[in-house]
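Q:
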Amino acid sequence: SASALERIAAAAGFKVGFPKDQWCCGLIAANAGDFKTGAHLSAQLAVALRDSKGLIVTPSASCFGAFTIDSPDWGPAPDQNLRARMRDSTRFVLQLLESNPGLVEPNRMSLKVAYHDSCQSLRQLGLKSEPRRALELAGYEVVDIPDIANCCGFGGSFSLEWPRVADRLAEWKLDAIAKTGCAVVASDNPGCLMHIAAAARKRHMELRVAHVLELVAEHLA
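Using the working numbering, read the sequence shown as starting at 45 and increasing by one per residue.
1) If we ignore side chains and look at the alpha-carbon of each, how far apart do residue 160 and residue 207 end up?
2) Quick check on this structure: which residue in 167, 262 and 84 has the alpha carbon closest to the alpha carbon of residue 122?
3) Just to confirm the assignment: which complete alpha helix (DSSP H) runs, minimum length 4, are found wholly within the region 120-168?
4) Taking residue 192 as part of the alpha helix (DSSP H), name the residues at either end of that continuous run.
5) Leaving out five residues before and five after residue 247 in sequence, what residues of the same chain have Cβ atoms less than 7 Å from its Cβ?
6) For the beta strand (DSSP E) that residue 252 lies in, which residues bound it at each end?
7) What is the DSSP secondary structure of residue 231, reduced to helix, strand or coil?
8) Please determine, among 185, 234, 91 and 89, the residue with the shortest C-alpha to C-alpha distance to residue 103.
9) Could you check how far apart the C-beta atoms of residue 250 and residue 227 are, in whole angstroms? I think they sit under 8 Å.
10) Would you call the region 237-245 and the region 129-138 touching, i.e. three or more CB-CB distances under 8 Å?
11) What's the C-alpha gap between residue 150 and residue 183?
12) For a minimum of 4 consecutive residues, which ranges assigned as the alpha helix (DSSP H) are wholly contained in the region 96-122?
13) For residue 192, count the other beta carbons within 10 Å of its own beta carbon; 16 or more makes it buried, fewer makes it exposed. Which is it?
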């Protein structure tokens, strides 16, 4: 997804850089109740990003929410100006597609894609129409998964602490995806994608699991 983001941004005329000393955003530690480590990791990430110029875009909705919204609750907040420069990739890419109609060559076969709303995107960031619109502008037909608000079972450290429950939730999600008749499912959260993909492999289910940005990047002009 990071590679796809780089390709899309570069095609739109952006110069893309990747600070080498980036750390974890701290969300996993904070979710486990270790706010001190979460704050430390968030601070280290801020140090790595502070000398960057322009916008800071992440392909992970969870990381975006953690750094811009959650981190002040863990300890000393990262610099407000730094947080203000950060963007979630879904809204960023949608703006690029809407302002640059020639950026993509729409998929003429109108491939159907089931869309999974991650808990973080839907509940914390209010992202619902944006990823669907981005896919539609790239020529995909988006199909909603039944019971879209249901968690896939990933939940960050939840899937490690409660694996049996997480696996069952993933099974329910696969059942819902199967009802759409789609051979491809997309989301904007790498954690959800990994969890769903692992469950599909375990079931021997023929299903492509892809980040929204990957699908958009495949149709760059």
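Don't be surprised by glycine CBs; every beta carbon is placed ideally from N, CA and C.
A: So, from the listed chains and residues:
1) Taking the sequence shown and counting its residues from 1, one reaches residue 160 at position 116. Taking the sequence shown and counting its residues from 1, one reaches residue 207 at position 163. Roughly 20 Å separates the two Cα atoms.
2) Taking the sequence shown and counting its residues from 1, the one referred to as residue 122 is at position 78. For residue 122, the nearest C-alpha among the options comes from 84.
3) 124-128 and 133-143
4) Against the sequence shown, residue 192 aligns to sequence position 148. Premise fails: residue 192 is in no alpha helix (DSSP H) and is neither H nor E.
5) Locating residue 247 in the sequence shown gives position 203, counting from the first residue. Result list for residue 247: 218, in chain order.
6) As a position in the sequence shown, residue 252 is number 208, starting the count at 1. Its beta strand (DSSP E) spans residues 252-255.
7) On the sequence shown, residue 231 is found 187 positions in, with the first residue counted as 1. Three-state DSSP puts residue 231 in a strand.
8) On the sequence shown, residue 103 is found 59 positions in, with the first residue counted as 1. Nearest option by C-alpha distance: 234.
9) Here the question's residue 250 lines up with position 206 in the sequence shown. Here the question's residue 227 lines up with position 183 in the sequence shown. Indeed they touch by this definition, with Cβ atoms about 7 Å apart.
10) no
11) Start at 1 with the first residue of the sequence shown, and residue 150 comes out as number 106. Start at 1 with the first residue of the sequence shown, and residue 183 comes out as number 139. Going by the C-alpha atoms only, they are around 4 Å apart.
12) 105-109
13) The residue labelled residue 192 in the question sits at position 148 within the sequence shown. Burial call: exposed.
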